[in-house]
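Okay, so here's the structure we're looking at.
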Amino acid sequence: MSFSDVLRIMSYILRGRTRLYQCYTNVNWRTCEACLSWHGRIVHRPEDFPKHDGCPHELLAFPVWRLGEFRRKEERMRAKAAQEISRRETWRRAVELLPQDTPTAFALFKEAVATDLYLAEIEELVGKHREWLAENPGARAALRELLVSGWKGKFAKERYERQPELARTAQERFGLERIKELLP
Ligand SMILES: [Zn+2]
Numbered sequence: 082m083s084f085s086d087v088l089r090i091m092s093y094i095l096r097g098r099t100r101l102y103q104c105y106t107n108v109n110w111r112t113c114e115a116c117l118s119w120h121g122r123i124v125h126r127p128e129d130f131p132k133h134d135g136c137p138h139e140l141l142a143f144p145v146w147r148l149g150e151f152r153r154k155e156e157r158m159r160a161k162a163a164q165e166i167s168r169r170e171t172w173r174r175a176v177e178l179l180p181q182d183t184p185t186a187f188a189l190f191k192e193a194v195a196t197d198l199y200l201a202e203i204e205e206l207v208g209k210h211r212e213w214l215a216e217n218p219g220a221r222a223a224l225r226e227l228l229v230s231g232w233k234g235k236f237a238k239e240r241y242e243r244q245p246e247l248a249r250t251a252q253e254r255f256g257l258e259r260i261k262e263l264l265p
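Heads up, the sequence shown is in our numbering, so the first residue is 82 and it goes up one at a time.
Following this line, the structure appears as structure tokens:
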């Protein structure tokens, strides 16, 4: 534990606080940026973490003397939330640029899917550029390949390996079929 953690713990104890809370939300495309900015933060009153309709909201209580360990967890959680916010921005720019600057859009799509990929966002992308995709079969096929490989990569990642194998492969197969349907 660092010296600054020891000082923080002492200052909490001097103020009579023996219990702290770590804020949790889900890190995915659905959670709003305001809630994501709370992911991992440590508060001393549960009401400090504002509730927001539609975003998952959980607090984990821990004793103040374990602050060092929870602060390290906070750093990892905040990095993950920041990565999701930047993934969204990269994906959003890629979608916007697709018809005008296809090579840049593809580079951005590649960057975004390396972090994560969501079917709802693919549906939205195809809905937005339906005509352009119909008129550009080459780009459509290349986009399909990129998303298929991103989707496979998503399921190869360690965090999905903790799910039961059957659920994981069913989810993966469903997504692959949907991508091929959306981008024939
Ligand atoms: Zn929210």
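Where is the CB? At the ideal position from N, CA and C, for every residue including glycine.
From a predicted model like this one, the values you see are computed outputs, not experimental measurements.
Spatial neighbours of residue i in its chain, beta-carbon cut-off 7 Å, leaving aside the 5 residues before and after
i: CYS113; result: HIS133, CYS136
i: THR183; result: ALA220
i: ALA175; result: ALA186, LEU189, PHE190, ALA193
i: ARG98; result: HIS125, VAL145
Residue i CB to nearest heavy atom of ligand 3 below 6 Å
i: CYS136; result: No copy of ligand 3 appears in this structure; the ligands present are ligand 1.
Any chain C beta carbon closer than 7 Å to residue i
i: ARG89; result: No chain C appears in the structure shown, which is made up of a single protein chain.
Bridge partner(s) assigned by DSSP for residue i
i: PRO137; result: DSSP output for PRO137 lists no bridge partner at all.
i: PHE143; result: LEU101
i: VAL124; result: TYR102
Chain-order list of residues whose beta-carbon lies under 6 Å from that of residue i (same chain, five-residue window excluded)
i: GLU139; result: TYR105
i: THR93; result: Note that residue 93 corresponds to Tyr in the displayed sequence, not to Thr. Closer than 6 Å at Cβ, skipping near neighbours: VAL145.
Exposure label - residue i; buried when at least 16 CB within 10 Å
i: LYS233; result: exposed
i: ALA215; result: exposed
i: MET266; result: With the chain represented from 82 up to 265, any question about residue 266 goes unanswered, as that position is not in the structure.
Check whether residue i and residue j have beta carbons under 7 Å apart
i: ARG259; j: LEU200; result: yes
i: LEU88; j: ILE123; result: no
i: LEU117; j: ALA162; result: yes
i: VAL207; j: LEU263; result: yes
i: ILE90; j: LEU141; result: no
i: GLY121; j: GLU155; result: yes
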